[in-house]
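Everything below concerns the one structure shown next.
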Amino acid sequence: MKKIIDKLYSENNLNESELLNLLNNVSNNEINYLHIKAIETLNKTYGKKIFLRGLIEFTNYCKNNCSYCGIRAGNKKCQRYRLSEKEILAICLEGYTLGYRTFVLQGGEDPYYSDTILTELIKEIKKQYPDCAVTLSIGERSPTSYKTLYNSGADRFLIREETRSKELYNKLHPNMSYENREFCLHELKRIGYQIGGGFMVGLPFQTNADYVKDLLFLKQLQPHMIGIGPFIPHKDTSLSKYPPGSIEMTCILLSILRLLLPEVLLPATTALGTLDPLGWEKGFYAGANVVMLNLSPPDAREKYSLYEGKANIPDDAIKYLSNIKSRIEKCGFTLDTSRGDHISLQ
Ligand code: 5AD
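Going by this note's numbering, the first residue of the sequence shown is number 122, and it counts up by one from there.
Here it is in structure tokens:
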């Protein structure tokens, strides 16, 4: 197995059967070795920097019904909210003052936010904070809409493929299209966005062969960013009784992704940090180099409940940031508050 890891390290590639073999048979010692090789690779690209993003969850209305997600349309217990442009700009001001230079506007798929509304919002943020990147995470829209939002100043777009197993995708996403998910990612990249894909780990019925599909898909897509995190059950979903995904498997996959795509921006995700109090540290040691901190107001945070425990963060944004900074430094990394673009664009 060490030989396969060495090959992955030197060639930044493995074929389907090698990846499956690695996932099926990697031992504890070899997991450590895999993480060490991932860190060595990260040292050659981004070094010891961990990049910072500010997350603004601006709407929890969603027209979709993804069966793992707490804000799915069918969840009648979810209290819905939308933030106004004024509220969003106030959050940006607070974030900017603290040092944030990327704002991630994330929401459910909420048709209320037309291209006109979003265009105006993006233009205003870019006007007030021209040195900041605006990232959108608002799901599937038309190519025209993606193009309009890009032209209004949006820099990046996150849309996870969630899983590249077609069977599993269709099981978890009623009335959605596996093909359209992929189409959106390609379209966004063609338009010129820095794109972020990614998948969940430990979904009910998910297998190692499914992860191999995810890994090969991402290697081919070459996104600028990849977000992966463990599945966390939400009480108001049909998957509430299933166990959460494994932290260890998430970290193995993070390291493999770091080795397959040495230059990718790889967050230690909120789900990883929610499921395990040391989840982010484990992510950094596995090759992650981004943290996305929540800037949403406490009331919104509570309602933006994709999964259990997500809102459990301190209300004081200054203390929160300095706490994360010292956690990052304890791991031997530094917090970098620049825009943190992909290395090919710096
Ligand atoms: N557990 C873990 N991750 C989830 N997401 C949504 N619901 C859950 C859950 N229950 C992830 C999806 C989505 C991202 C914003 O959050 O991958 O793309």
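In this text, a Cβ means the ideal position worked out from N, Cα and C, and glycines have one as well.
Query: Closer than 7 Å: residue 190 CB and nearest the ligand 5AD heavy atom; Result: yes
Query: Short Cβ contact (8 Å threshold) for residue 293 with residue 351; Result: no
Query: Residues near residue 396 in its chain [Cβ-Cβ closer than 7 Å; skip 5 each side]; Result: 351, 353, 365, 368
Query: Spatially closest choice to residue 424 from 210, 239, 447, 177, by CA coordinates; Result: 177
Query: For residue 386 and residue 463, believed in contact at Cβ under 8 Å, the rounded distance; Result: 6 Å
Query: Among 166, 436, 404, 431, the one whose alpha carbon lies nearest that of residue 153; Result: 404
Query: Selected residue, minimal CA-CA separation from residue 465, among 382, 452, 262, 337; Result: 382
Query: The ligand 5AD heavy atom lying under 7 Å from the CB of residue 355; Result: yes
Query: Beta carbon of residue 226 nearer than 8 Å to that of residue 257; Result: yes
Query: Closest residue to residue 190 among 361, 241, 126, 376 (Cα-Cα distance); Result: 361
Query: Bridge partners - residue 223, DSSP secondary structure assignment; Result: 254
Query: Collapsed DSSP secondary structure at residue 230 in the structure displayed; Result: coil
Query: Test item: CB-CB of residue 122 and residue 146 under 8 Å; Result: yes
Query: Which of helix, strand or coil DSSP assigns to residue 315; Result: strand
Query: Proximity to residue 357 [Cα-Cα], best of 303, 428, 413, 384; Result: 428
Query: Every unbroken alpha helix (DSSP H) inside the stretch 378 to 424 [4 residues or more]; Result: 391 to 396, 400 to 407, 419 to 424
Query: contact_flag[the stretch 195 to 215, the stretch 441 to 449] where n(CB pairs < 8 Å) is 3 or more; Result: no
Query: Nearest residue (CA-CA) to residue 340, options 407, 242, 319; Result: 319
Query: Other residues of its chain near residue 409: CB distance less than 7 Å, five sequence neighbours each side excluded; Result: 375, 387, 388, 389
Query: In DSSP terms, what residue 321 is bridged to; Result: 350
Query: Rounded straight-line distance, which links the Cα of residue 125 to that of residue 234; Result: 47 Å
Query: Reduced DSSP category for residue 446 - H, G, I as helix; E, B as strand; rest coil; Result: helix
Query: Cα-Cα separation between residue 192 and residue 201, rounded to whole angstroms; Result: 8 Å
Query: Pick from 253, 229, 168 that is closest to residue 379, judged by C-alpha positions; Result: 168
Query: Proximity test, residue 326 beta-carbon vs the ligand 5AD heavy atom, cut-off 7 Å; Result: no
Query: Beta-carbon proximity of residue 159 to residue 407, cut-off 8 Å; Result: yes
Query: For residue 460, three-class secondary structure by DSSP; Result: coil
Query: Alpha-carbon spacing of residue 132 relative to residue 402, whole angstroms; Result: 27 Å
Query: Any non-hydrogen atom of the ligand 5AD closer than 7 Å to residue 283 Cβ; Result: yes
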